[in-house]
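Heads up, the thing below is written out as structure tokens.
Chains as they are written, first to last, in the numbering used here: chain L, 236 to 1002; chain X, 236 to 1002.
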């Protein structure tokens, strides 16, 4: 399975964890047999098709629905006024699914047509006529930042309180700066240490650049889709592609004014989320179902998902760094400007914090601005803010090394953050593996042989770090009659984590993986787990599973102790049996224990383990990447010849899956570096609104990826494991940009590094 | 709701338990909005229609399926040979759903037709031609008991091992008697104490009678129905009307040779079970689904359910009792012969044990025989064996009182069992409420005014006791974001117990009932609970819910203690808040605690209570009933004018539901007494095979029922509650028979006491 990987897992004598196994849901997925939310067909279900705005900013003068209603099978056309959602004080897209009076981005849903069939709904949607009065729009990020830029919303109507709210937010965060912030700025952050100007005065070299990243779409295989079904007693069941079941339950209950126990969210198998499915369509679909009293399926087509979901934000990052002659970094000054689209919520704080956190700078000043524009609001995308920050800072470190004529890896080793260093949020890093990852790459043949390279080939390296999310979680572990165990959690599985949880429980219980089944169940009966995101599921839910399985094991041993008339300390559980140590003939099987505790007249309590975790120490994880590229000077094409991804994963529960996660992350990072961008014209119209225009890599475009694991255990993680999902996407853009510089001496400051951009840069140097 | 009831609940200051509330599923049910298993329609689902045997015992010579297969929409005709079930060593109907080579009861399924529609399957089933060679059948119970009776199965073929097995069983139980047992006897029990013949020599009066009870059907509103759906990875989901989800999972997994974690049983809302739905069609439906790889719905029509389910067994009970002149009982001799139908499993042990347990007899000898006949095998029916035993013994106690010229209630009080008395299983009764129930009835106006009665009116009383079932169980209790709680269990709700569990959790948590939701979930994620039967669900699962809610409350207080910087002992939880005692301003709401423990970065573990129970002390419950009847000497009709049901319920969690249970039980007891019987002719053909012939009461036929509760707490029950389901059916037949005797001096020894039988008895006395 992983023949060509040198994963070197540290199995430490473990029998289940640390060994590569296939995903429990793999067969079902590759055979096309799994059922996603979009595959559901409930009796009486209506299909919903949205009508999308053709303007980035306009007043809605009239919505003509007569023609649509005449289409056979069209049941209803619903506009914002009819949707039974509670909108008060809501600042989120999911609570405002339909434009009211005013459209505020191109592609915004204005109405929705419900049909007995998808075809009827689609025909109806095509016949809904919306009359608009165009309004000035704030599209370009830097123009939107200007004090005299058009406001993203008119002051009257449904967005009336926005400006007040903006200032209220800022008041809290930076009272003194309130007066000077332009009207479309919705958040402002500031990190500072030392005296940055004094720092630059110490510098032997200073490099200064401005970096630009576009809006990028998460490009999950499965677009967002929700089926909402009202129940006869006023509640709702919501089947969703979301990665955040409990959060969707809260959203729907709040939006509909229902108690939460009236809403059941079934997290269906997720066809990719990457942060983009933290909840978007659920209240909308639920509102439609409530309105018509029938099940409603509301799903985006690919183009709709590109137009009207929640992509990663575009940004502009100005970075100036200085180093002393001895290579120590002395000053960093940065300004990050994030395009949050039409609602606040871009990861500007996190980007600013991370930008200043990988290395020790005695003096820094980092400022972040979040700017509203008439574009779709930004959402999370795998390591939100980190890919952007790393592109900027890691390009600059490379430039510093070049200016100092230093080995860029050595320079990083000299300055990299280690345990105890304060990051810009003024919290000390715990034990992290950045240094070990750098050292591991330093020993790697790809780095060792970096001098051996062909014409226009280059080697680039870059760092990516992720603080790791935390959220309390509970898991359950039930003994079954046949001596197997069932683990229950409330997660959505985006990444194969179910298989990891299976291995974790099997290890604790001394069983084979197939003797443990993991069920991730709906919000009616699941123990709590947060959204699957932030690289926290294995860490936090895995820790809960360890405790649940330990609890179950303890109960097993207690029953066995009574049954075998032995002390629990003298017993051992392995291979489905509890044995008295040294007396293998005195034993009782798990099946017998199940029957003693789960049958008519049984005298023992059922074995039912519960474990909870509330980890409060972050388990940050770092990745260091290396790429070897060849640039075609005639076409501007960059070919990635080889890629090495070193990552500290704490402990690889299922090395195959860890490698799979890293492959996926690297591939997405290469998308940022070379291919992907949502291109808007000056009116705010999306030009790359289909997969014909928005370039996703095919398998043939992905280089061989050599995954190298470092295992610095997380103290609270299961068997030391850390989250692994986020880091592998982070260094991609900088790694490729640095390799291109090494190949042809051109510093890429805007990604994707398309042939067009590269050729322009090459030509501008030639003439 | 209960205006005309004198329930006198002991609320003891409780706020939730002890107060009558509506059932949580009541509205849905009365509005016809609940969906039962029969209402499911899965994509691609086939409909199954059985072909039933026309003989009680015959060899199957040929099954012609050609004509059936030509019906448009018929997909397949399946016989036993094709059904992929593992039959080895199976002695149960559910593992042998289709006759193989030989039919052994009238109505036995011989084949099943699968159709795209129900109509196609039905047309197909009507065209399947089965050629039989009739064999001698054992139909009449006493004839089947004869040493030379026809064997219920030929020795060859699928039932070959039966005879050997029968003797093996008996060998264990009564080695010495092996030689004398006739071939169709499948079980034999024996209870003895003292010297029964010596006992009778002490007697001043002796009465001896033989009592007969017919096979009676549980007559649930919803016939048995199962939908089985294969999943793409070789597992199955089974949606069933069963009252025993985990047991159905075991049956299906064993029958199909699957690990249990490949079978998910969804216990659908049950439209009445009364013991008859402990699993019957599940492996059959699962086998069909596996065979064709499509979902299959297999449900009985009413006539099929009458023909081929598992009704209560018929029996003949000979009882001789003697009392001394002072009224003390000195001797009991009884022989119980139970017709178990075609598979062993009749409740003859329980009937024999109960028959000798209500009163102190110094000397007794009780023998029980279970006899195989060519009739459908017996199943459990509300207090299996107890209604039969009580009819016999309570009629005899009435006859003794008459012979002694004693007040029958006084005589019972003089002799009734109390705590410490040994029952025939040689176990002492724990604290029971039989005496208190008799005393309560003694004070009741219906008894006090018993002398005031019209022409041909009579008053009868009788006792019914039930030992109560026990089974370990687990329950969960989760705090939700809105400060409400969700309780999860693995039960099926037949009786409104969900509402009782809600009240129990609300009481422990100091909340209003509507702030607790109870979900009874499928076997994939449910904590273990046994079948809902044996009057054990409230007792055992209720005890687990108490502990789960207490566990959740403890966790809430621990979080609050840290948050409020107080000691947990100084805190109190009520009305959704934790307050510092004496300092009401220092408080934290459950909603705040939920957010502290279930949100990104939260520092406390989620509140998730778990509670298990493994009660080992039975909580027997007794009922004493009184009926006032009027007998029409011209028509033989018995009219029940009034009915009093006194019952020790331990503690009435939801008095309205307890009363509802007792109303239902009394009504079914009246069915046994006066109306219900499955009549077979001498060839084994069921003559009362539809509700036109099998008499169920209509609402107008049910008398007013005065429910009187006695509350002798069960030490392990939640708030002292005992199971209440079984006792109210038990005394019915004897109560009515004794009232008839009081009215017209006719001793009814065979129920139902139909007009035909009564007239015969009246006439035989007149001439």
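Glycine included, every Cβ here is placed at the ideal spot set by N, Cα and C. All figures in this text were calculated on a predicted structure; none of them were measured in a lab.
- The alpha carbon of residue 517(L) has as its nearest neighbour, out of 840(L), 719(L), 272(L) and 455(L), the alpha carbon of 272(L).
- The three-state secondary structure of residue 456(X), taken from DSSP, is coil.
- Under the 8 angstroms criterion on CB atoms, residue 357(X) is classed as non-interfacial with respect to chain L.
- With a threshold of 8 angstroms between beta carbons, residue 503(L) makes no contact with chain X.
- Per the C-alpha coordinates, the member of 437(L), 449(L), 340(L) and 432(L) positioned closest to residue 377(L) is 449(L).
- For the segment 454 to 518 of chain X, the full-length alpha helix (DSSP H) segments reaching 4 residues or more read 480 to 491 along the chain.
- DSSP places residue 966(X) in the coil class of the three-state scheme, outside both helix and strand.
- For the C-beta of residue 927(L), not a single chain X residue is nearer than 9 angstroms; the gap to the nearest is close to 33 angstroms.
- As computed with DSSP, residue 425(L) is found in a beta bridge with 602(L).
- Residue contact check for residue 845(X) against chain L: a CB pair falls below 8 angstroms.
- With contact defined as three or more Cβ pairs closer than 8 angstroms, the segment 305 to 313 of chain L and the segment 375 to 389 of chain L are not in contact.
- Rounded to the nearest whole angstrom, the CA to CA distance from residue 733(X) to residue 598(X) is 44 angstroms.
- Annotated as proximal: residue 919(X) and residue 372(X), with beta-carbon spacing under 8 angstroms.
- Fully enclosed beta strand (DSSP E) runs of no fewer than 3 residues occupy 598 to 607 of the segment 589 to 635 of chain X, in order along the chain.
- Distances from the CA of residue 698(X) to each of 890(X), 824(X) and 857(X) were compared; the closest alpha carbon is that of 857(X).
- Between the segment 923 to 942 of chain L and the segment 599 to 619 of chain L there are fewer than three inter-stretch CB-CB distances shorter than 8 angstroms, so the stretches are not counted as touching.
- In the DSSP annotation of this structure, the continuous segment of the beta strand (DSSP E) that includes residue 858(X) starts and ends at 856 to 866.
- If you ignore the 5 residues before and after residue 969(X), its C-beta comes within less than 7 angstroms of the C-beta of 625, 626, 629, 630 and 697, all in its own chain and listed in chain order.
- Three or more Cβ pairs drawn from the segment 814 to 834 of chain L and the segment 714 to 721 of chain L lie within less than 8 angstroms of each other, which places the two stretches in contact.
- The CB of residue 278(L) comes closer than 8 angstroms to the CB of 276 in chain X, given here in chain order.
- Neighbours of residue 495(L) in chain X, taken as residues whose beta carbon is under 8 angstroms from its own, are 715, 716, 717 and 719 in chain order.
- Residue pairing by DSSP places residue 369(L) opposite 293(L) in a beta bridge.
- Residue 819(X): member of the beta strand (DSSP E) spanning 818 to 824, first to last residue.
- Under the three-state reduction of DSSP, residue 337(X) is assigned to strand.
- In this model, residue 915(X) and residue 337(X) are separated by some 20 angstroms (Cα to Cα).
- When the beta-carbon positions are compared, residue 509(X) and residue 617(X) come within less than 8 angstroms of each other.
- Using a Cβ-Cβ cut-off of 9 angstroms, residue 834(L) is close to 706, 707 and 765 of chain X, given in chain order.
- C-alpha of residue 812(L) to C-alpha of residue 794(L): approximately 12 angstroms in a straight line.
- If you check the CB distance, residue 841(X) and residue 707(L) come in under 8 angstroms.
- Counting the other Cβ atoms within 10 Å of the Cβ of residue 247(X) gives fewer than 16, which makes it exposed.
- Residue 764(X) and residue 783(X) have their alpha carbons spaced roughly 14 angstroms apart.
- Burial of residue 833(L) is indicated by the presence of at least 16 other C-beta atoms within 10 angstroms of its C-beta.
- The C-beta separation of residue 943(L) from residue 675(L) comes to about 6 angstroms, placing the pair in contact by the 8 angstroms criterion.
- As for any beta strand (DSSP E) of minimum length 3 sitting wholly inside the segment 246 to 313 of chain L, the runs are 281 to 287 and 293 to 299, ordered along the chain.
- At a beta-carbon threshold of 8 angstroms, none of the residues of chain X lie near residue 617(L); the nearest stands roughly 16 angstroms away.
- DSSP places residue 661(L) outside any alpha helix (DSSP H), giving it a letter other than H or E.
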